[in-house]
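Engineer: Supplied in structure tokens, the structure appears directly below.
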Amino acid sequence: MTNRDDDAAPPRRWPRRVYDVGEEPDPRFTFANERTFLAWIRTALALVAAGIALEALEIPEQSGVRLALVLMLALLGAASSSVAFFRWARAERALRESRPLPSPALAPVLALGLALATVVISVVLITGR
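Note that the UniProt record's numbering gives residue 13 to position 13 of the sequence shown, counting from 1, and the numbers run on in steps of one.
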């Protein structure tokens, strides 16, 4: 076990553009930011799983509606997982710099995309098309 001096270089953490700025925030805030990131990842997994489940259903292929819905759910899942990381990084950097937290840019897109998918799936299931 080694003792570190106050002047010793901190361990290298990734991404450096997040950790090389500001001061170390209260760990509770960092953990809360991480929990939010993980919630977005769970959402992404659920969207991809919904797309796979929809593909597995015996819905007649009518003018590509099912394929479009499957792709829309899968793309929403991919976007959620990708944007989750960047949102985590922006929030962590804001915490380190004592700035206000950024708003979640993907939330409105995700909400509208899911609302549209739900309406289309409902119409397809009700009309049998």
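We put the CB at the ideal spot given by N, CA and C, even for glycine.
Please classify L45 as buried or exposed, where buried requires at least 16 neighbouring CB atoms within 10 angstroms.
Structural biologist: Under this definition L45 is an exposed residue.
Engineer: Please look up how many angstroms separate the CB atoms of V21 and R99, rounded, as I've assumed it's under 8 Å.
Structural biologist: The pair is not a contact, with the Cβ atoms about 10 Å apart (cut-off 8 Å).
Engineer: Verify whether the separation of the beta carbon atoms of A84 and F37 is less than 7 Å.
Structural biologist: Going by C-beta atoms, A84 is nearer than 7 Å to F37.
Engineer: Note down the Cα distance separating P27 from F86, rounded to an integer number of angstroms.
Structural biologist: Near 19 Å, if we compare the C-alpha coordinates of F86 and P27.
Engineer: Give a yes or no on whether the C-beta atoms belonging to L47 and L71 are separated by under 7 Å.
Structural biologist: Not closer than 7 Å, so no.
Engineer: Give the single residue among I121, I126, T127 whose Cα lies nearest to the Cα of A53.
Structural biologist: Nearest of I121, I126, T127 to A53, Cα basis: I121.
Engineer: What is the residue span of the alpha helix (DSSP H) that G51 lies within?
Structural biologist: Residues 27–56.
Engineer: Is the distance from the Cβ of I41 to the Cβ of S81 below 7 Å?
Structural biologist: Yes, they are a contact pair.
Engineer: On the premise that A89 lies in contact with P15, defined as a C-beta separation below 8 Å, what is that separation, rounded to the nearest angstrom?
Structural biologist: Right, the Cβ-Cβ distance comes to about 6 Å (below 8 Å), so this counts as a contact.
Engineer: Do F29 and L95 have their CB atoms nearer than 7 Å?
Structural biologist: Their beta carbons are under 7 Å apart, which means F29 touches L95 by this criterion.
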